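All remarks here apply to the structure that follows.
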Amino acid sequence: RDGSSAMGRAVLRMVLCAFFAAAAAAGPVILDEKTFEEVTSKQPTLIKFFAPWCGHCKKLAPTWDALAEKVDAELPGQAKVATVDCTVEASLCGAHNIRGYPTLLLFKGGESTPFKGQRTEESLLAFIKENLA
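Numbering follows the numbering used here, with no gaps: position 38 of the sequence shown is 40.
This is the structure in structure tokens:
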């Protein structure tokens with residue numbers, strides 16, 4: 003065997019690992035019953051409770067993804083942006099009295115605060131920052 007092909011495979015493995023690690027870190031955290039408490043107890047977490055068929059949820063999706071990336075970049079370790087699919091996690095959504103989609107709640111210290119402003123990246127980010135103190 004040629005040493006350069008082994009080196010090439012090693013470099014390819016490192017590049018692929020870095021790519022998949024970056025892809026896994028990007029975007030909102032997907033929560034379920036097992037991960038909800040763990041994530042929300044560590045830091046303030048703005049959660050979009052949604053249904054995949056909901057038109058307003060679909061419209062909000064690109065903004066929500068951009069918000070998650072911005073929060074990860076600007077507020078690392080201070081806050082998270084997450085989602086809960088209520089068609090999959092019905093009992094979790096029921097436990098939080100979710101009645102319509104999307105419902106946006108910020109969880110901090112075991113309490114939830116509803117977001118009622120404009121659903122823009124700027125206003126959502128400002129809401130998160132206001133609730134960090």
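Just so you know, even glycine gets a beta-carbon here, dropped at the ideal spot from N, CA and C. Computed from a predicted structure; not experimentally measured.
- When C-alpha distances from residue 64 are compared across 29, 38, 105, the shortest belongs to 29.
- For residue 48, the uninterrupted beta strand (DSSP E) run begins and ends at 47-52, by DSSP.
- In this structure, residue 44 sits away from residue 66, with a CB-CB distance that is not shorter than 7 Å.
- When secondary structure is reduced to three states using DSSP, residue 62 falls in the helix class.
- The C-beta of residue 104 has 16 or more other C-beta atoms within 10 Å across all chains shown, which makes the residue buried.
- Following the DSSP letters along the chain, one finds residue 113 in no alpha helix (DSSP H) but inside the beta strand (DSSP E) bounded by residues 113-116.
- If the five residues before and after residue 31 are omitted, its C-beta is found closer than 8 Å to the C-beta atoms of 37, 41, 47, 70, 82, 83, 84, 85, all from its own chain and listed in chain order.
- Non-local C-beta neighbours of residue 53 in its own chain, meaning closer than 8 Å and more than five positions away in sequence, comprise 59, 87, 88, 89, 103, ordered along the chain.
- For residue 130, the secondary structure class from DSSP, reduced to helix, strand or coil, is helix.
- By the CB criterion at 7 Å, residue 94 and residue 35 fall inside the cutoff.
- Within a 10 Å sphere around the beta-carbon of residue 134 sit fewer than 16 other beta-carbons, which makes this residue exposed.
- It is roughly 19 Å from the alpha-carbon of residue 126 to the alpha-carbon of residue 111.
- Just so you know, the alpha carbons of residue 73 and residue 122 end up roughly 14 Å apart.
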